[in-house]
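S.K.: Numbering (my numbering), first residue to last: 30 to 114. Think of the CB as a built atom: it goes at the ideal place given N, C-alpha and C, for glycine as much as any other residue. Okay, here's the structure, questions in a sec.
And the structure:
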């Protein structure tokens, strides 16, 4: 069950990241606002989820499922809507 949750997050987030980084929002202020809102929404949920489950022994290969640190997720979110990222 925990494997499925991490796998689901990883798959969806990676797909979203690939799509969103191809979208451009030329208005810097609007782009920053959208990014900030995404971070406010996703960051605390992922942080809570990761902190709760990443340290549990739910698999022999945790690196396969716990792919991203909280900082990495934040960095990826910051690259949304910027085709130069």
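Would you grab the beta carbon distance between residue 100 and residue 60 for me? Rounded to a whole angstrom, and I think it's under 8 Å.
M.R.: Going by Cβ atoms, the distance from residue 100 to residue 60 rounds to 21 Å, so no, they are not a contact pair.
S.K.: Three or more C-beta pairs closer than 8 Å, one from the segment 82-94 and one from the segment 64-72: is that the case here?
M.R.: Contact between the segment 82-94 and the segment 64-72 is absent, because fewer than three Cβ pairs lie under 8 Å.
S.K.: Chain B beta carbons: is any one of them nearer than 8 Å to that of residue 109?
M.R.: In the structure shown, chain B cannot be found, because there is only a single protein chain.
S.K.: Residue 40 to residue 30, Cα distance in whole Å?
M.R.: In a straight line, the C-alpha of residue 40 is about 15 Å away from that of residue 30.
S.K.: Could you check the C-alpha separation between residue 36 and residue 52 for me, to the nearest Å?
M.R.: Cα to Cα, residue 36 sits roughly 25 Å from residue 52.
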